[in-house]
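Report on one structure; see the data block that follows.
Residue numbers (our numbering), protein chains in the order written: chain Z, 7 to 132; chain G, -7 to 485; chain S, 31 to 482.
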């Protein structure tokens, strides 16, 4: 399963890339692979305050719905609008064009509650 | 096997057929609409096709041949009770004096219709141990909503508005939690124990002053009888909650045990399952809602009341949750259900449930010879098998088995439900199937499992005899095409 | 009983199971054992069932009266070809088309139904049906609540009283408040109060019905629509007489975002109230919120066109407590009937039926007016109208009933201010002789002195 170095991971299979005071959020390759063909992603509107490990939406495959949880607290600055017309981007490129949200971080310290690539790899190997 | 199994050319849409002016003369030509209404309230164009009756008859006959019903073969859909639909029921439901009766006809001119509803209601009360039934809800899901609205109002009247939790076992039908949400309740999902039952000790852990309703079915969706239902009901009642019975599985119970005696306060029936109403490709259904005495005054309006020898629709029920439908009931279905009750009487209904359970157990032991059955004990009207071991060994999943059954002339069982059984096949044969049919089904399934071990690819490719092969559901969901659009017209007219 | 079991079958099956009696298969704890006999109707042979239920059918004189009843359920001509096709066992005894490969016929017919509803309403998409017009309104309101996050509804008092009552039932569950918009003197929605009410920005939806319960054309005008749009409120159109869509400007053309309708008029018998068939049509932006099943067109593994239930992850069987509707079983067979009706009638037939409804209802209005019973309103109407009998309509209706005529619906039942009015309906099936009879009877009944 592909991992991306330099990212932080949650136990719910979301990733976070910190860029200064901002963070980019997505789901992991492992997650997209277990979900199968993703047909729809439901995300919060820009401006919404989200909490670490709180629900931020759902991702739908043909016959399943799964909750999305934020790896970090903050304000949603931008959602990946391209996913509306092309939800397959999450399957194709979960760490790149399949990103979900851009967040203004509230508390950078929260990142210590997240896993490193190596720890996440251990988690999914279990 | 559908007659059309060799016909694999696509059927054109009705909109792609016909020519303007090819009209049927069902009525005389009307005057221009402008002679009756000002132009500003009239529509510009009406972009519908004109077809001859012959073309329409051929079109829909062809579509019918591309549709698999009980009339074509065995339909072992778990939790759906796809039994034979006797034709006498339709003949009676379609009687002119029923079909032409307007819902606003005065009660005194609709006594026969009201008596149909009353006789049906009284029989249901006795069969299931309830004080009263409303025939208002259109389907099981709507009756669930009605029952939860009753619970909400009942608790409000008692000043117990803090009761906002509905407990639903993990084997429950999806409508249960969805109905709870529509009624503003929060859902607590309860894990089944190792024997596929609700453990009274587990439910006690989640019960409390916030408990509103516990929704269960018995037998449950694994086909297992909840022997400790009394303990569950007592615990819920001690906590001040109400018990709701999902009647989807009532075909296993008639003349055997009654939800009312088990401690249920509210229940629904799916007459389109247990009482032979045809499913019609997805509906219309009919979901009578039953209640114990203390909840009777909350039933939806109108309620059919018998005063002496006359019947009337009672709208004046101050505690009622109100009406749930435009009109009183899916009445034509009440006629069908009553005809079925007359065909059976009490003794016949006892046999119905007995043979339904006999058929299910016979299939279960036969299928257990070559496929895993996770709960290997006596079942009721249905049981679950699992393709998990087969999948590990061969890669063949429940879905592949389902599709391979279609190639062999059978409808597939319900698959991937209940969610707690991996690679689940949920099989309900019903009592109307003969031993020969069950044996043919077993042979087909046995052949599929053997094929899985020999040539799994053959199953991944299934079905191959149907009018289309496996359908691209991902494409359907990613690029929704939900209607035909006229070639040159704009979408909004 | 419809069971095939011979004694030999039973013995063989029990032996295979390894149990010696059927009763043991159904053993229940002692406390649950059935006590006493069941009080169910007696078992009868089929010819006697027929006789018995035919007798009950005959005790419905209401089906034989000369009737001018409408109000959400209409008597229209249904060509016999409908029953010949819809009652085919393949359609009648099929389940919901979950296995697409053996359900292409029912799936295609639903896709055609969705298309017909779109073409008739002018909307972009429609669902596979809901229970009826009243629940269509309730489910549409839920869509608007979810779209806006607001928990208050504004509805016209001219919407069918039963639909409003059902909406109230549903809103009790949702803890949503409902406000009603007053009527004008002309039996239409007071659009000025509607426009000023929505300005509060607290309403999820504003719903009007056209033709409304009094039969009057009752749509949003440009000013009201602008106010609704500005306030972020979802405009809902209710259509209780779907035949009107063949004649009147589409709900889409006057700004509706959701259309909640009843299609019983398309070949489905009144049947004392059901089953009928509701529909919801809407714009593409609401596709994720529309309740119930949707059929989509796609391809199979060989690239051939194929139909399938789609966007199922919205629905209760997958989304469970997160679903926005609990609907599962719908009114598929009635939707099939309506689809066949629309195919048979076509544009030309449907236009003609609509024109005849307009003509006969005007003939009726003129005849009763000549008998001294004036229409209460002067707004344009489709096939029904409020007739003012000058004294409580209830008594006049009773007098007509004694003469074998069901003259209409007593509006005082829901509108105290119109207790002198009855709703009279004429369709293509209403004859000139029936109209003459009711006019003559009204002359006697409506003007009879009330003896105290």
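C-beta atoms are modelled at their ideal positions from N, C-alpha and C, and glycine is treated no differently.
Remember, it's a predicted structure, so these values are computed and weren't measured experimentally.
Straight-line Cα distance separating residue j from residue i
i: residue 218/Z; j: residue 344/S; result: The requested residue 218/Z is not part of the displayed model; chain Z covers only 7 to 132.
i: residue 375/G; j: residue 263/G; result: 21 angstroms
i: residue 242/S; j: residue 92/S; result: 25 angstroms
i: residue 185/S; j: residue 407/S; result: 21 angstroms
i: residue -2/G; j: residue 384/S; result: Residue confidence for residue -2/G is low, a pLDDT of 47 falling below 50, so the modelled location carries little weight and cannot support an answer.
i: residue 128/Z; j: residue 329/S; result: 40 angstroms
i: residue 220/S; j: residue 227/S; result: 11 angstroms
i: residue 390/S; j: residue 363/S; result: 30 angstroms
i: residue 53/Z; j: residue 86/Z; result: 14 angstroms
i: residue 47/S; j: residue 4/G; result: 49 angstroms
i: residue 223/G; j: residue 306/G; result: 37 angstroms
i: residue 481/S; j: residue 417/S; result: At residue 481/S, the pLDDT of 46 sits below 50, so the modelled position is not reliable; the number obtained from the coordinates is stated separately. One C-alpha to the other measures close to 22 angstroms.
i: residue 178/S; j: residue 286/S; result: 16 angstroms
i: residue 57/G; j: residue 106/S; result: 29 angstroms
i: residue 172/G; j: residue 207/S; result: 19 angstroms
i: residue 308/G; j: residue 289/G; result: 10 angstroms
i: residue 485/G; j: residue 310/G; result: Per-residue confidence for residue 485/G stands at a pLDDT of 38, beneath the threshold of 50, marking its modelled position as unreliable; no derived number is given.
i: residue 28/Z; j: residue 72/G; result: 51 angstroms
i: residue 175/S; j: residue 268/S; result: 17 angstroms
i: residue 267/G; j: residue 304/S; result: 17 angstroms
i: residue 375/S; j: residue 25/G; result: 17 angstroms
i: residue 85/S; j: residue 127/G; result: 22 angstroms
i: residue -6/G; j: residue 382/G; result: With a pLDDT of 45 at residue -6/G, under the threshold of 50, the predicted position of this residue should be treated as unreliable, though the coordinate-derived value follows. In a straight line, the C-alpha of residue -6/G is about 29 angstroms away from that of residue 382/G.
i: residue 429/S; j: residue 110/S; result: 35 angstroms
Residues bridged to residue i [DSSP beta-bridge criterion]
i: residue 238/S; result: 267/S
i: residue 440/S; result: 452/S
i: residue 203/G; result: 157/G
i: residue 504/G; result: Only positions -7 to 485 of chain G appear in the structure, and residue 504/G is not among them; the question remains open.
i: residue 67/Z; result: 44/Z and 70/Z
i: residue 249/G; result: Paired residues: none, contrary to the question.
i: residue 305/G; result: 296/G
i: residue 335/S; result: 329/S
i: residue 182/G; result: 161/G
Coil, strand or helix - residue i by DSSP
i: residue 57/G; result: helix
i: residue 260/G; result: strand
i: residue 21/Z; result: strand
i: residue 308/S; result: strand
i: residue 411/S; result: strand
i: residue 417/G; result: strand
i: residue 487/S; result: Any answer about residue 487/S is impossible in this case: the structure gives chain S only from 31 up to 482.
i: residue 371/S; result: helix
i: residue 92/S; result: helix
i: residue 169/G; result: helix
i: residue 204/S; result: helix
i: residue 95/G; result: coil
i: residue 47/S; result: helix
i: residue 457/G; result: coil
Contacts that residue i makes with chain S (C-beta to C-beta distance below 9 angstroms)
i: residue 174/G; result: 172, 200, 203, 204, 353, 354, 355 and 356
Listed by chain order, chain S residues near residue i by CB distance under 8 angstroms
i: residue 111/G; result: 71
Per-residue contacts from residue i into chain Z (C-beta, under 7 angstroms)
i: residue 466/G; result: 43, 45 and 68
Cross-chain neighbours of residue i in chain G, by beta carbon under 9 angstroms
i: residue 380/S; result: 38 and 40
i: residue 100/Z; result: Per Cβ cutoff of 9 angstroms: no residues; residue 100/Z is ~17 angstroms from chain G at best.
Contacts that residue i makes with chain Z (C-beta to C-beta distance below 9 angstroms)
i: residue 140/S; result: Simply none; closest approach about 18 angstroms.
Proximal chain S residues relative to residue i, where beta-carbon distance stays under 7 angstroms
i: residue 250/G; result: 64
Check distances from the C-beta atoms of the region 89 to 113 of chain G to those of chain S and list, in chain order, the residues that come in under 7 angstroms.
89, 90, 91, 92, 93, 94, 95, 96, 97, 98, 101, 102, 103, 104, 105, 107, 108 and 111
Check distances from the C-beta atoms of the region 70 to 89 of chain S to those of chain G and list, in chain order, the residues that come in under 9 angstroms.
70, 71, 72, 73, 74, 75, 76, 78, 79, 80, 82, 83, 84, 85, 86, 87, 88 and 89
Closer than 7 angstroms, Cβ to Cβ, to anything on chain G: give me those residues from the region 326 to 346 of chain S, in chain order.
326, 327, 328, 329, 330, 331, 332, 334, 335, 336, 338, 340, 341 and 346
Could you please tell me which residues of the region 82 to 116 of chain Z, in chain order, have their CB closer than 7 angstroms to any CB of chain G?
93 and 94
With 7 angstroms as the limit, tell me which residues of the region 447 to 477 of chain G have their beta carbon closer than that to any beta carbon of chain Z; keep them in chain order.
465, 466, 469 and 470
Chain Z contacts from the region 180 to 192 of chain S (Cβ-Cβ distance under 9 angstroms)
none
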